[in-house]
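Mapping to numbering that gives the first Met the number 0: the sequence shown position 60 is 59, numbers consecutive.
The structure appears right after this line, and notes come after that.
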Amino acid sequence: MSTVFYNGLAFVLPLLVMALSGIYCERSGITNLAVEGFQGFGAFVGAFVAVLMQQTMGASNVPYYVAILMSFIGGCVFALLHALLCIKFKANQVISGVVINIFAMAMTAYLTKHLNAAVFNQASDKLILNVAPKVFGFYTFEPIIIVVVLVAWFVMYKTRFGLYLRACGDNPQAVDAAGINVAKIRYIAVALSGGFAGIGGICYAYSISSNFSANIYSGYGYLAIAALIFGNWNILPTLGACALFGFARSFGYQLVMIAELPSAYQDLIMILPYVLTLIMLMFFSKKNHSPKALGVPYDKGGR
Numbered sequence: 000m001s002t003v004f005y006n007g008l009a010f011v012l013p014l015l016v017m018a019l020s021g022i023y024c025e026r027s028g029i030t031n032l033a034v035e036g037f038q039g040f041g042a043f044v045g046a047f048v049a050v051l052m053q054q055t056m057g058a059s060n061v062p063y064y065v066a067i068l069m070s071f072i073g074g075c076v077f078a079l080l081h082a083l084l085c086i087k088f089k090a091n092q093v094i095s096g097v098v099i100n101i102f103a104m105a106m107t108a109y110l111t112k113h114l115n116a117a118v119f120n121q122a123s124d125k126l127i128l129n130v131a132p133k134v135f136g137f138y139t140f141e142p143i144i145i146v147v148v149l150v151a152w153f154v155m156y157k158t159r160f161g162l163y164l165r166a167c168g169d170n171p172q173a174v175d176a177a178g179i180n181v182a183k184i185r186y187i188a189v190a191l192s193g194g195f196a197g198i199g200g201i202c203y204a205y206s207i208s209s210n211f212s213a214n215i216y217s218g219y220g221y222l223a224i225a226a227l228i229f230g231n232w233n234i235l236p237t238l239g240a241c242a243l244f245g246f247a248r249s250f251g252y253q254l255v256m257i258a259e260l261p262s263a264y265q266d267l268i269m270i271l272p273y274v275l276t277l278i279m280l281m282f283f284s285k286k287n288h289s290p291k292a293l294g295v296p297y298d299k300g301g302r
């Protein structure tokens, strides 16, 4: 059972910080289907910087921690594209998210191949990372994610900015009437959303495959969106949904190993979180209440 716990937690926490990405964005009123793209582009930036540093620092853990920071920054910057489209140009937010996912996948695949050839003199479509360090069976990114989530929870529920952010998703007219810039709050929320997703992406890159490649786009972003919906756009209930998905996946893998089933069954286990998603949709979808202004472009002159 210890293996189920360790492996499950290594999946749950990155999924949680990616769900946090969606929560911050959508509680501000901006629909976020771009979590998958944010996590992929953020992970690409972090992985590229880490590989550059590995050339001179070898097996040092410094590139690993720098990669997490750069993934956050890369995700923040990339997410501003979604913010610009949805806030400045009032584009359809669902379409914007889907297009950004496709764009991120295509662009990072192209850049990975060409940067490998131009910078590292390698014909590869992967950025090879060192194995993520562990302490007492836990990946060292796990306490980092816990700190990030706790800080994000505090900001969301215990600060004035968090109050404004949540109000922008429910009643932006009231926020505007109070003299607060709705667009500014939403830009910050979307940027933070990209940063959180980037952290989740680089953690999956280090823990699941020890490299960055197109495999990072494996539906985890959409799974995170499902988790936040089941969590009713609140952080603590979303943790429960992420835990259910993650530990079900880990338990399934362990069951295949114990039963000595062919490796093909491990691929079948990959669909388990998505099956759980379908089942939970049947029972909980009617009880979910999204932010009232979610997906509605704010028009200051339309009050």
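Here a beta-carbon is modelled for each residue, glycine too, at the ideal position from N, C-alpha and C.
| Item | Value |
| --- | --- |
| Return the Cβ separation of residue 196 and residue 37 in integer angstroms, given the expectation that the two are a contact with Cβ distance under 8 Å. | 4 Å |
| For residue 133, name the three-state secondary structure that DSSP assigns. | strand |
| For residue 25, tell me which candidate among 5, 112, 217 and 96 has the shortest Cα-Cα distance. | 96 |
| Which whole runs of the beta strand (DSSP E) in the segment 196 to 263 are 3 residues long or more, in chain order? | none |
| Could you name the residues of the same chain whose beta carbon sits closer than 6 Å to that of residue 182, not counting the 5 residues immediately before and after it, in chain order? | 86 |
| Does DSSP put residue 126 in a helix, a strand or coil? | strand |
| For my contact list, residue 185 and residue 28 are in at a C-beta cut-off of 8 Å; report their separation, rounded to the angstrom. | 6 Å |
| Name, in chain order, the residues that DSSP records as bridge partners for residue 163. | Residue 163 pairs with nothing; no bridge assigned. |
| Output the distance between the C-alpha atoms of residue 65 and residue 202, rounded to the nearest integer angstrom. | 12 Å |
| Ignore the nearest five residues each way along the sequence and tell me which others in residue 11's own chain have a CB closer than 6 Å to its CB. | 241, 242 and 245 |
| Taking the continuous alpha helix (DSSP H) assigned at residue 70, which residues delimit it? | 61 to 82 |
| So the alpha helix (DSSP H) residue 19 belongs to, where does it begin and stop? | 1 to 26 |
| Measuring only the C-alpha atoms, how far is residue 267 from residue 298? | 47 Å |
| In whole angstroms, what is the alpha-carbon distance linking residue 73 and residue 33? | 14 Å |
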